[in-house]
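Chains as they are written, first to last, in this note's numbering: chain A, 101 to 289; chain B, 101 to 289.
Below is one structure, written out as structure tokens; comments come after it.
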């Protein structure tokens with residue numbers, strides 16, 4: 101297994117670049133200040149579209165290599181036309197994606213080759229909240245469950261520790277399990 | 101304006117169905133219990149893909165009319181290959197989409213015709229958190245700002261109140277600004 105441990109790319113992660121990036125941020129911590137953005141346009145009813153392209157990071161304005169667009173809507177049972185997932189489903193995708201990306205990086209750094217990582221994220225929500233029918237019911241998810249299947253060339257306990265460390269360093273898990281201040285500004289002309 | 105106030109579809113929202121749905125939930129509150137799900141598969145490095153299709157609601161297992169798939173990745177400056185937005189950018193899209201869908205419903209219920217709703221959601225994040233370089237820095241967004249432009253056939257103050265009410269009834273805003281319990285389970289074989 102020594103070649104597996106020594107080559108730079110593991111799990112599709114360029115570990116040399118990963119460690120170099122961490123060293124660069126150690127030397128210049130302000131490079132790690134990022135601002136991400138989504139630009140949204142209402143289309144009709146509950147149907148709207150976001151564009152994700154520009155962001156700030158490593159001291160400069162930057163753009164993704166492509167412009168990504170995503171549509172959201174409600175299904176017919178929630179008085180929409182099902183042109184896209186609901187906004188709350190995108191949150192579940194974001195959580196799965198964040199934990200999984202972190203897990204692959206951590207595995208690479210620890211010399212573990214992954215063969216499979218799958219997850220299902222489920223969120224329970226009582227729409228009596230957003231419908232304004234029961235003031236005791238919150239608007240958002242009452243609870244979220246993540247079920248991971250992780251396979252790789254390490255003992256089960258080491259694979260479980262990858263998931264634990266990905267939780268300890270997940271941006272989206274932090275956003276969901278802790279509080280983020282949100283400011284809303286409105287222009288009407 | 102009486103025709104505008106009386107016809108059932110306003111802003112693409114079928115208000116008759118919207119009110120009927122609210123009445124149905126009033127009569128049978130358990131119909132409002134939903135479970136949404138995302139199924140994620142790791143591809144390589146920080147690149148992974150979620151599938152959104154099945155959910156539970158109105159007492160039954162249901163599916164969206166289509167299967168939605170979304171890819172997430174990191175850009176090259178974050179040691180990825182930019183095959184999709186970052187997970188944290190999907191959170192910003194979810195917030196914009198949730199506030200916008202709610203706003204359109206609320207405007208329809210209040211008899212206001214919208215002509216334009218746009219928003220930019222910006223999230224500030226210091227990656228010294230997720231890189232484990234500064235224990236005083238959180239993993240997630242330190243703050244999020246939503247900038248709305250709302251135009252329609254109502255005074256500016258009424259348009260601003262639409263945004264306020266959409267904040268008061270947003271599932272994603274609640275998830276971001278308050279705490280949601282998350283449980284993680286791992287299978288390794």
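Even glycine gets a Cβ: it sits at the ideal position worked out from N, Cα and C.
Computed from a predicted structure; not experimentally measured.
Using C-beta distances below 7 angstroms, list every residue in its chain close to residue 205 (chain B), excluding the 5 sequence neighbours before and after it, in chain order. 113, 118
For the segment 164-173 of chain A against the segment 194-210 of chain A, do three or more pairs of beta-carbon atoms, one drawn from each stretch, fall closer than 8 angstroms, so that the two count as touching? no
Residues of chain A with CB closer than 7 angstroms to the CB of residue 145 (chain B), please, in chain order. 111, 112, 113, 204
Give me the Cα-Cα distance between residue 224 (chain A) and residue 144 (chain B), rounded to the nearest whole angstrom. 30 angstroms
Contact with chain A by residue 51 (chain B), beta-carbon distance below 9 angstroms: The displayed coordinates of chain B run from 101 to 289. Any statement about residue 51 (chain B) would go beyond what the structure contains.
Between the segment 147-166 of chain A and chain B, which residues of the former have CB atoms less than 8 angstroms from a CB of the latter, in chain order? 147, 148, 150, 152, 155, 157, 158, 162, 164, 165, 166
On the DSSP bridge list, what partners appear for residue 284 (chain B)? A:246
Contacts of residue 235 (chain B) in chain A (Cβ-Cβ under 9 angstroms): The premise fails here: residue 235 (chain B) is roughly 11 angstroms from chain A at the closest Cβ pair, so nothing lies under 9 angstroms.
Starting from the C-beta of residue 263 (chain A), find all residues in its chain whose C-beta is less than 7 angstroms away, skip the five residues before and the five after it, and write them out in chain order. 203, 248, 250
Coil, strand or helix - residue 279 (chain B) by DSSP: coil
Counting only C-beta atoms, is residue 253 (chain A) closer than 9 angstroms to chain B at any point? no
Please report how far the alpha carbon of residue 111 (chain B) lies from the alpha carbon of residue 213 (chain B), in whole angstroms. 6 angstroms
Just the C-alpha distance for residue 172 (chain A) and residue 185 (chain A), rounded to the nearest angstrom, thanks. 5 angstroms
Which chain B residues sit within Cβ distance under 7 angstroms of residue 270 (chain A)? 239
Same chain, Cβ closer than 6 angstroms to residue 258 (chain A), five either side skipped, listed in chain order: none
Cross-chain neighbours of residue 224 (chain A) in chain B, by beta carbon under 8 angstroms: 133, 134, 135
Within 7 angstroms of chain B by C-beta, residues of the segment 177-193 of chain A in sequence order: 177, 179, 182, 184, 185, 186, 187, 188, 189, 190, 191, 192, 193
Those runs of the beta strand (DSSP E) which lie wholly inside the segment 204-264 of chain B and span at least 3 residues: 214-226, 243-252
Distance, Cα to Cα, residue 286 (chain B) vs residue 175 (chain A)? 31 angstroms
Cut-off 6 angstroms between Cβ atoms - residues of its own chain near residue 183 (chain A), not counting five sequence neighbours on either side: 147, 171, 173
Going by DSSP in three states, residue 182 (chain A) sits in which element: helix, strand or coil? coil
Would you say residue 270 (chain B) and residue 199 (chain B) are within 9 angstroms of each other, going by their C-beta atoms? yes
Looking at the unbroken alpha helix (DSSP H) that takes in residue 123 (chain B), where does it start and where does it end? 115-127
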